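Visitor: This is the structure, below, for whatever I ask next.
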Amino acid sequence: MAGGSSEIALAIVRKLQSRAPREVVLLGRSTDALARAADGLQTAGAPRATVLEVDARRTGDHADVVDEAVRRLGGVDIAIVAVGVLGERGGMPSDMDAAIELLQVNLVGAGSLLLQLARALRDGGGGTLVVLSSVAAERPRRSNVLYGASKAGLDALAQGLADALGPEHVHVLVVRPGFVHTRMTRGLKPAPLSTDAQSVADVVVDGLDRGATTVWAPKQLRWLMLIVKALPRRLFRRMKT
Ligand SMILES: NC(=O)c1ccc[n+]([C@@H]2O[C@H](COP(=O)([O-])OP(=O)(O)OC[C@H]3O[C@@H](n4cnc5c(N)ncnc54)[C@H](OP(=O)(O)O)[C@@H]3O)[C@@H](O)[C@H]2O)c1
Numbered sequence: 001m002a003g004g005s006s007e008i009a010l011a012i013v014r015k016l017q018s019r020a021p022r023e024v025v026l027l028g029r030s031t032d033a034l035a036r037a038a039d040g041l042q043t044a045g046a047p048r049a050t051v052l053e054v055d056a057r058r059t060g061d062h063a064d065v066v067d068e069a070v071r072r073l074g075g076v077d078i079a080i081v082a083v084g085v086l087g088e089r090g091g092m093p094s095d096m097d098a099a100i101e102l103l104q105v106n107l108v109g110a111g112s113l114l115l116q117l118a119r120a121l122r123d124g125g126g127g128t129l130v131v132l133s134s135v136a137a138e139r140p141r142r143s144n145v146l147y148g149a150s151k152a153g154l155d156a157l158a159q160g161l162a163d164a165l166g167p168e169h170v171h172v173l174v175v176r177p178g179f180v181h182t183r184m185t186r187g188l189k190p191a192p193l194s195t196d197a198q199s200v201a202d203v204v205v206d207g208l209d210r211g212a213t214t215v216w217a218p219k220q221l222r223w224l225m226l227i228v229k230a231l232p233r234r235l236f237r238r239m240k241t
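According to the numbering used here, the sequence shown holds residues 1 to 241 in order.
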């Protein structure tokens, strides 16, 4: 699981864990947070939960880290990509370095981990990738320009890989949550239809059971986003989104 300290990803693992014991490797940059998360999963019944350090920005390390995770587990059936930062809100960034770093983490870094995990699953005979995208990917807004752009790129990569690797038994589930109450959104005004990590996990596991290719959390966002995407650009531009 890349983004191993993510509140949403850990909720997904706990939900899967409640059905059957699972060995887990948590990948991430903050080893203390990962070690706490691994302890929590073992207390909840995971036979083994270990951690591996990786920074999304250090793409040159990703192949080796993913290979080590696969080696430890002796094979992977489900991999989750949950790396992401929200970054500065608004349009034109005030801090260009931070803006570029956000693109490096959310698009290049998460995309690199996604590619390496897809390769590992394919080489291992198949499996499922769960990719944390966002409704922001569907229609990037001026209040969230960088985040929306980064998620749109990652979402497109995940969809393309799903189509390309389906015949090789790699299934990809793209997850598009709206506003989720986690540390990422702490202190922000909740958007309509806001939800929590546990509810996102319920939607994801239901999607895995159904073999879905895309899920929205909450589910109603699927229909709301159809309307949002259909709005003419001239109208969308005038909205205070
Ligand atoms: N919360 C929401 O409203 C929401 C809505 C839609 C989509 N999502 C997406 O869902 C995913 C999980 O988010 P969350 O809500 O669970 O927030 P979170 O708990 O903050 O999880 C984000 C994860 O990304 C990791 N990360 C950030 N920068 C990294 C880097 N340079 N290298 C490696 N890992 C890095 C974080 O690790 P550290 O512990 O080291 O920071 C953390 O594990 C994200 O991709 C997010 O964009 C969230």
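The C-beta atom is built at its ideal place from N, Cα and C for all residues, glycine as well.
For clarity, every value in this text was computed on a predicted model and none was experimentally measured.
Grab the span of the alpha helix (DSSP H) containing L221 for me, first residue to last.
Guide: Position 221 of the sequence shown, counted from the start, is the residue given in the question as residue 221. Looking at the DSSP string, the run of the alpha helix (DSSP H) that includes L221 is L221 to A230.
Visitor: Could you spell out where the alpha helix (DSSP H) holding T43 opens and where it closes?
Guide: Indexing the sequence shown from 1 puts residue 43 at position 43. Where T43 is concerned, the enclosing alpha helix (DSSP H) stretches over T31 to T43.
Visitor: Under the three-state reduction of DSSP, which class applies to G28: helix, strand or coil?
Guide: Locating residue 28 in the sequence shown gives position 28, counting from the first residue. Correct three-state label for G28: strand.
Visitor: Grouping DSSP H, G and I as helix and E and B as strand, with all else coil, what is R176?
Guide: Along the sequence shown, read from residue 1 onward, the residue named residue 176 stands at position 176. It is a strand residue.
Visitor: So, using beta-carbon positions, are A118 and V170 closer together than 7 Å?
Guide: Looking up residue 118 in the sequence shown gives position 118. Looking up residue 170 in the sequence shown gives position 170. Yes.
Visitor: Could you tell me which uninterrupted beta strand (DSSP E) segments, each at least 3 residues in length, are contained entirely in the stretch 146-199, listed from first to last along the chain?
Guide: The qualifying runs are 170-177.
Visitor: From which residue to which residue does the beta strand (DSSP E) around A81 run?
Guide: Residue 81 sits at position 81 when you count from the first residue of the sequence shown. Just to set this straight, residue 81 is Val in the shown sequence, not Ala. That run of the beta strand (DSSP E) goes I78 to V81.
Visitor: What number of angstroms, rounded off, separates the C-alpha of K240 from the C-alpha of R139?
Guide: By 1-based counting over the sequence shown, the position of residue 240 is 240. By 1-based counting over the sequence shown, the position of residue 139 is 139. Rounded to whole angstroms, K240 to R139 spans 14 Å at the Cα level.
Visitor: Determine the extent of the alpha helix (DSSP H) in which E265 is found, giving its start and end residues.
Guide: Beyond the ends of the chain as shown, which are 1 and 241, falls residue 265; an answer cannot be given.
Visitor: Can you tell me the Cβ-Cβ gap for L27 and A37, rounded? I've got them flagged as a contact below 8 Å.
Guide: Start at 1 with the first residue of the sequence shown, and residue 27 comes out as number 27. Start at 1 with the first residue of the sequence shown, and residue 37 comes out as number 37. Not quite, the Cβ-Cβ distance comes to about 11 Å (not below 8 Å), so this is no contact.
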